[in-house]
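For what it's worth, my numbering labels the leading residue of the sequence shown as 55, then goes sequentially.
Glycine is no exception: its CB is placed at the ideal position from the N, C-alpha and C atoms.
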Amino acid sequence: MIAVLNFRLCILDGRTGQVLKEMETPVITDPPEKIIGLVSGAHPFKRLNADAIRIVNVSGKPRPSDILIKDRYTRIWIYDSDFHLLWSFSKYNTGHFPYSIDIDNDGKDEIFSCYNMIDHDGSLLWSLPSENDHTDEIIIGRFHPEDEERIAIVSGWEGFMLLDLAGNVLIKDVNGHAQRISIGNFIPENDGLEICTTTFWGNNGIIYMHDSDGNELWAKEMRNNGNLISPVNWDGSGQDLILLNGKDDMIDGYGREAVTFPDDGHPTLTAEVLDITGDNRDEIILWDRKKMYVYTPSGVTKTINGKIYTPLKYPDYNASNYRGEYSFTKWTDVHS
């Protein structure tokens, strides 16, 4: 486990909580007027109070082991697993949760942060021409089998944008204060994947559905705010459902009710989608400070033409409240 505790970046034993390695977070020396997000106009602490942690691979090692930390919202630092500083970066805004992916196939991650694409060595590759608001969530991948990889972002009052890997804006829809994004096979009869976003514009809880090119399919105002819009592999059919929250039903790609939670007094404060039984289908976990309920689909995992649906999901080690959720289509042979 990696955590920032009392201004120390710590690597803990996952079983015991024992501190295995630790270092003090960076001392803050930047002039306050150059820092975004300072409520009082002054640094609240001498050292960094880290806003996010992400495991990345800018070193080109066999697996991700470099550690990215950031503030809210100006600076990024990346360390190796022995806490040697690899590089730091600052340009206008970091957004909430940077995204790491190897876009040039050199075995090393690039970092997309807010509106900036940063190379593995910390040099800036390109920036979007915007200094308004900041990017809340990011997804990078192939949204249609015949297209190149693209970048999908939701950036507050800059709206929903679809970019190519060179930073060209393919589509921009300022449909309110865009907040969350997810991608999945929500409408299987359509080519490619669908892009679901949330926004608020006078009202919270507005959901938009877009096709793989970013064209709007529909919009709907929901009963509750705080919609996760997480893709859910519920029955193994290849169709992803959408989890909103613990109060509302799961919906399909047309916004219709698909799965209803029982009236059993379950908690509604927090929700998560995870495969915790190991059958490749997802469970829904609902909890609050006093109790936790877990819901699992009935029956057994479907087998279709000798294959089971095993979509690629966000890695658990980079879980975050600000991650864009994705479910990239993948089928696996039953006997593989």
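The beta carbons of residue 177 and residue 163 sit no closer together than 9 Å. Judged by their CB atoms, residue 205 and residue 218 are nearer to each other than the 9 Å cut-off. Under DSSP, residue 325 forms a beta bridge with 340. Secondary structure of residue 87 (DSSP, three-state): helix.
Within the segment 235-304, the beta strand (DSSP E) runs of at least 3 residues that lie entirely inside it are, in chain order, 248-254, 260-264, 270-275, 284-286, 295-297. Counting only runs of at least 3 residues, the segment 179-228 fully encloses the following beta strand (DSSP E) elements, listed from N- to C-terminal order: 191-195, 204-208, 214-218, 223-227. If you draw a 10 Å sphere on the C-beta of residue 72, you find fewer than 16 other C-beta atoms in it, and that means exposed. By the Cβ criterion, the segment 275-283 is in contact with the segment 296-307, since at least three pairs of Cβ atoms, one from each stretch, lie closer than 8 Å. In the structure shown, residue 308 adopts coil according to DSSP, grouped into three states.
Taking every protein chain shown into account, the CB of residue 201 has fewer than 16 other CB atoms within 10 angstroms, so this residue is exposed.
Going by beta carbons, residue 265 and residue 199 fall outside the 9 Å limit. DSSP places residue 168 in no beta strand (DSSP E); its state is neither H nor E. In the same chain as residue 226, and ignoring 5 residues on each side of it, the C-beta atoms closer than 7 Å to its own belong to 213, 215, in chain order.
Here residue 98 is exposed: its Cβ has fewer than 16 other Cβ atoms, across all protein chains shown, within 10 Å. By the C-beta criterion, the segment 280-290 is judged to be in contact with the segment 366-380, since at least 3 inter-stretch pairs fall below 8 Å. Nearest to residue 102 by alpha-carbon distance, out of 110, 111, 122, 118, is 122.
Going by beta carbons, residue 272 and residue 313 fall outside the 9 Å limit. Note on geometry: alpha-carbon atoms of residue 366 and residue 192 lie some 16 Å from one another. Under a 10 Å Cβ-count criterion, residue 87 is classified as exposed, with fewer than 16 other Cβ atoms of the shown protein chains found around its own Cβ. Taking the CA atoms as reference points, residue 387 sits about 6 Å from residue 360. Shown here for residue 91: same chain residues with a beta carbon closer than 8 Å to its own, the five before and five after excluded, namely 125, 126, 127, 128 in chain order. Contact between residue 133 and residue 139 is confirmed by a C-beta separation of about 6 Å, below the 8 Å threshold. Secondary structure of residue 136 (DSSP, three-state): coil.
For residue 180, the CB contacts under 6 Å within the same chain, skipping 5 residues up- and downstream, are 171, 221 in chain order.
By the C-beta density criterion, residue 389 is exposed, having fewer than 16 other C-beta atoms within 10 angstroms. In this structure, the straight-line span from the alpha carbon of residue 236 to that of residue 370 is close to 16 Å.
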